[in-house]
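Participant: Taken in order, these protein sequences are the chains called A and B. Quick note on our numbering: the first sequence kicks off at 1 and runs consecutively. Quick note on our numbering: the second sequence kicks off at 274 and runs consecutively.
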Amino acid sequence: MNFARLYKKEFMKERKSFAVTLIITLGAAIFLYSRIERWPTGVPTFVSMTIIFGFSIAAFINCFDYMGDEWKRNNHYLMLSLPVKGRDILSAKLAWFMTEFGTHMLLLGAYTTVMLLAELKSTDFLSAELYSGIASSVWRVYWLTLLPMLYTLACAGVLGLFSYTAGSTVRRFNFWVGAVSYILPIWLLSYLSDKAMEISPAWLHIELPLSNILAWQQMERALNSSGAMDFNFSYFMNGTFVGIDMLAVLIWTAGMAGLFFLASWLLENVVEV
Amino acid sequence: MNTVLELENLKKRYGLRWALTGVDLTVNEGEVLGLVGPNGSGKSTMLKLIAGLAHPTDGKVLINGQKPGPESKAHTAVLPDADYVYRWMTVRQAIEYVSGFYEDFDHDKAGRLIEMMGIEPGMKVAHLSKGMNERLKLVLVMARNADLILLDEPLGGIDPTSRDKIICAIATEYRWEHSAMIIATHLIRDIEPLFDKVLFLKNGQAELYGNADELRSKYNGSIEDIFKEVFV
Numbered sequence: 001m002n003f004a005r006l007y008k009k010e011f012m013k014e015r016k017s018f019a020v021t022l023i024i025t026l027g028a029a030i031f032l033y034s035r036i037e038r039w040p041t042g043v044p045t046f047v048s049m050t051i052i053f054g055f056s057i058a059a060f061i062n063c064f065d066y067m068g069d070e071w072k073r074n075n076h077y078l079m080l081s082l083p084v085k086g087r088d089i090l091s092a093k094l095a096w097f098m099t100e101f102g103t104h105m106l107l108l109g110a111y112t113t114v115m116l117l118a119e120l121k122s123t124d125f126l127s128a129e130l131y132s133g134i135a136s137s138v139w140r141v142y143w144l145t146l147l148p149m150l151y152t153l154a155c156a157g158v159l160g161l162f163s164y165t166a167g168s169t170v171r172r173f174n175f176w177v178g179a180v181s182y183i184l185p186i187w188l189l190s191y192l193s194d195k196a197m198e199i200s201p202a203w204l205h206i207e208l209p210l211s212n213i214l215a216w217q218q219m220e221r222a223l224n225s226s227g228a229m230d231f232n233f234s235y236f237m238n239g240t241f242v243g244i245d246m247l248a249v250l251i252w253t254a255g256m257a258g259l260f261f262l263a264s265w266l267l268e269n270v271v272e273v
Numbered sequence: 274m275n276t277v278l279e280l281e282n283l284k285k286r287y288g289l290r291w292a293l294t295g296v297d298l299t300v301n302e303g304e305v306l307g308l309v310g311p312n313g314s315g316k317s318t319m320l321k322l323i324a325g326l327a328h329p330t331d332g333k334v335l336i337n338g339q340k341p342g343p344e345s346k347a348h349t350a351v352l353p354d355a356d357y358v359y360r361w362m363t364v365r366q367a368i369e370y371v372s373g374f375y376e377d378f379d380h381d382k383a384g385r386l387i388e389m390m391g392i393e394p395g396m397k398v399a400h401l402s403k404g405m406n407e408r409l410k411l412v413l414v415m416a417r418n419a420d421l422i423l424l425d426e427p428l429g430g431i432d433p434t435s436r437d438k439i440i441c442a443i444a445t446e447y448r449w450e451h452s453a454m455i456i457a458t459h460l461i462r463d464i465e466p467l468f469d470k471v472l473f474l475k476n477g478q479a480e481l482y483g484n485a486d487e488l489r490s491k492y493n494g495s496i497e498d499i500f501k502e503v504f505v
């Protein structure tokens, strides 16, 4: 219940700016869609992708503000006097961070995919079969990158909350303590996950052939049936794998969970107003 | 009477500076403790330590036998010196938000207090004057039937003409009879009739501590007169 109340507070605080940003983003998306065939091919999709990139950068910058706002406006007196655990406060902030940026990234990602396909369709040189192959490929890439994107966003959120909380434990040099608390875990977890990948057994590697992801056979069939060219990239595609190492993911997940609980502990036992 | 608050050799250091150098006291159910002292004497620090907003360097704080934490906070109402209510909220939203966390929050009392204080419920906190903000903070604290109430300069931003009415509200009308209360203040003359006990703090040390009436008769003067004698 405490989580729900705290989450509702985050929502109530940000709902207007969230709605305005969403409307502006959707407005921009609709405008870009209307520019297909009017602007040079690829430009609307490129602009849309730039907006996604902008949101990614904004997510990394804003993750500090989710805690910082409380301190800047003295609201931390109220936040820390509430009969709640540190993890309730942090999880509500993290959940809202995910809601706010996750929504934008997912919608924009889907929209950019739609726009890319619309741009491709607008060009006359693609056969229906080739277009269908490319569409399958692009949508597969979108769905496959969804989870890693949300995972990266959650990691950024946890790191932001942790580093700000760590910075709040000191009265002087809090910027530097916060900066080190942000960079050091990234470096340490990267180092550990690199080492882990060297020793992790083969059954912990989840791999998919690139040809499956890109629906390559369908595209190749379409290209060959047109008779214009003889494509035979299957050998190359089948030999190329895209995958993740579950041990490395486990290390990052454990690291992030550790940082989250450390931040909760700091909030309850060390941070002072 | 049950003991609500116990401080044992409470010490607090910020860097190299000691803000509190060992305070012992007890506050029982229904008692009002006046916490007086000049600026920098450690009054706010002591309240923060009791409220769990800061952590002792040494010594103990026990509220109903528990160390400060989420459990003790559920029974402690705190009014800090800072304007801590979210500025984007309306008065109504602030009351709804805070009340959700406390079982002892009395909505009827909050409604009556809002009316008595003359606050517009639909108004944004950002648009409240300094005095109105202080009143809202008092509403959020006094609407609770908390075991322990901590007030840091509760009359600081309130105009002199309204003080009597608000003191009356704090003392009798809206106060839960079982609440123990600690009031840290500079405005001793206005508020001293409420005190059952008084703690004079100087440089983080308890300079004088005792029953308010006994101190008045011993020093043959008001608490404010004793304050001037002790600190000037």
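Note that the Cβ used here is the ideal one computed from N, Cα and C, for glycine as well. Given the structure is predicted, the values throughout are model-derived calculations rather than measurements.
When the Cα of G160/A is compared with those of Y142/A, R140/A, P185/A, which residue comes out closest?
Facilitator: Cα-wise, what sits closest to G160/A is P185/A.
Participant: Considering Y191/A, what are the terminal residues of the alpha helix (DSSP H) in which it resides?
Facilitator: It spans 174-199 - the alpha helix (DSSP H) in which Y191/A sits, taken as one unbroken run.
Participant: Within 8 angstroms (strictly less), CB to CB, does R365/B reach chain A?
Facilitator: Chain A, which has no Cβ nearer than 8 angstroms to the Cβ of R365/B, makes this no.
Participant: May I ask you to report which of helix, strand or coil DSSP gives E207/A?
Facilitator: E207/A: strand per DSSP, three-state reduction.
Participant: Please confirm whether N2/A has its beta-carbon closer than 8 angstroms to some beta-carbon of chain B.
Facilitator: Yes - at least one Cβ of chain B is within 8 angstroms of the one on N2/A.
Participant: Quick one: list the residues of chain A neighbouring P353/B, beta-carbon separation under 9 angstroms, in chain order.
Facilitator: Under the 9 angstroms cutoff, chain A gives N74, Y77, L78, S81, V273.
Participant: Which value, in whole angstroms, describes the spacing of the CA atoms of I387/B and L409/B?
Facilitator: If I take the Cα positions, the gap works out to 8 angstroms.
Participant: Return the chain-ordered list of same chain residues with a C-beta closer than 6 angstroms to the C-beta of S48/A, the five sequence neighbours on each side being excluded.
Facilitator: Only L32, T112, M115 meet the Cβ criterion.
Participant: Mind checking who N484/B pairs with in its DSSP beta bridge?
Facilitator: In DSSP, N484/B forms a bridge with K470/B.
Participant: Smallest Cα separation from L293/B: which of K321/B, E302/B, V305/B?
Facilitator: It is K321/B whose Cα lies nearest to the Cα of L293/B.
Participant: Where does A215/A fall in DSSP's three states?
Facilitator: Correct three-state label for A215/A: coil.
Participant: Which residue marks the beginning of the beta strand (DSSP E) containing Y375/B, and which one marks its end?
Facilitator: Element bounds for Y375/B: n/a, residue is neither H nor E.
Participant: For R73/A, name the three-state secondary structure that DSSP assigns.
Facilitator: It is coil, neither helix nor strand.
Participant: Name the two residues that bound the continuous alpha helix (DSSP H) containing Y359/B.
Facilitator: Per DSSP, Y359/B belongs to no alpha helix (DSSP H) and is neither H nor E.
Participant: Using three-state DSSP, classify I36/A as helix, strand or coil.
Facilitator: I36/A falls in the coil class under three-state DSSP.
Participant: Helix, strand or coil for V371/B per DSSP?
Facilitator: Reduced to three states, the DSSP call for V371/B is helix.
Participant: In the segment 400-425 of chain B, which residues sit with their C-beta less than 8 angstroms from some C-beta in chain A, listed in chain order?
Facilitator: Listed by position, the residues of the segment 400-425 of chain B near chain A (Cβ gap below 8 angstroms) amount to none.
Participant: Tell me, please, whether the segment 424-442 of chain B touches the segment 341-357 of chain B by the rule of three or more beta-carbon pairs shorter than 8 angstroms.
Facilitator: Yes, since at least three Cβ pairs between the segment 424-442 of chain B and the segment 341-357 of chain B fall closer than 8 angstroms, the two stretches touch.
Participant: Is F64/A helix, strand or coil by DSSP?
Facilitator: Coil, per DSSP.
Participant: Could you tell me the alpha carbon to alpha carbon distance between E304/B and S452/B, rounded to whole angstroms?
Facilitator: Their backbone Cα atoms lie some 7 angstroms apart in a straight line.
Participant: Do the CB positions of A399/B and V273/A come within less than 8 angstroms of each other?
Facilitator: Not closer than 8 angstroms, so no.
Participant: In this structure, does DSSP put T458/B in helix, strand or coil?
Facilitator: T458/B: coil per DSSP, three-state reduction.
Participant: Got a sec: is the Cβ-Cβ distance from D356/B to anything in chain A below 8 angstroms?
Facilitator: By this cut-off, D356/B is an interface position.
Participant: Run the CB neighbour count on N418/B, radius 10 Å, all protein chains shown included, and call it buried at 16 or more, exposed below.
Facilitator: Flag for N418/B reads buried.
Participant: Kindly indicate if chain A contains any beta-carbon less than 8 angstroms away from that of K346/B.
Facilitator: Closer than 8 angstroms to some Cβ of chain A, the Cβ of K346/B qualifies, so yes.
Participant: Are there 16 or more other CB atoms within 10 angstroms of the CB of Y287/B, so buried, or fewer, so exposed?
Facilitator: Exposed, by the Cβ-count rule.
Participant: Excluding five sequence neighbours on each side, which residues of the same chain lie with their C-beta closer than 8 angstroms to the C-beta of I431/B?
Facilitator: Excluding positions up to five away in sequence, the list reads G404, E407, R408, I439.
Participant: Is there a Cβ of chain A sitting closer than 8 angstroms to that of R360/B, yes or no?
Facilitator: With 8 angstroms as the cut-off, R360/B counts as an interface residue toward chain A.
Participant: Taking DSSP as the reference, what is the three-state secondary structure of R448/B?
Facilitator: In this structure, R448/B counts as coil in the three-state DSSP scheme.
Participant: Considering only C-alpha positions, which residue in the set G342/B, E279/B, H380/B, S314/B is nearest to Y270/A?
Facilitator: Before going further, note that residue 270/A is Val rather than Tyr in the sequence given. Checked all of G342/B, E279/B, H380/B, S314/B; the closest Cα to V270/A is G342/B.
Participant: At the level of alpha carbons, what is the spacing between I183/A and V371/B?
Facilitator: Cα-Cα distance, rounded: 36 angstroms.
Participant: Tell me which residues of the segment 313-335 of chain B have at least one Cβ-Cβ distance to chain A shorter than 7 angstroms, keeping chain order.
Facilitator: Within the segment 313-335 of chain B, the qualifying residues are K321, A324, L326, A327, H328.
Participant: When you compare each of A19/A, F64/A, I24/A, K85/A to L267/A by their alpha carbons, which one comes out closest?
Facilitator: Measuring from the Cα of L267/A, the nearest candidate turns out to be K85/A.
Participant: Strictly below 8 angstroms CB to CB, what residues from chain B border E100/A?
Facilitator: None at all; the shortest Cβ gap to chain B is about 16 angstroms.
Participant: According to DSSP, is K121/A part of a helix, a strand, or is it coil?
Facilitator: Correct three-state label for K121/A: helix.
Participant: Report the option in V277/B, L283/B, G307/B, G384/B whose CA atom is closest to the CA atom of K470/B.
Facilitator: The candidate whose alpha carbon is nearest that of K470/B is G307/B.
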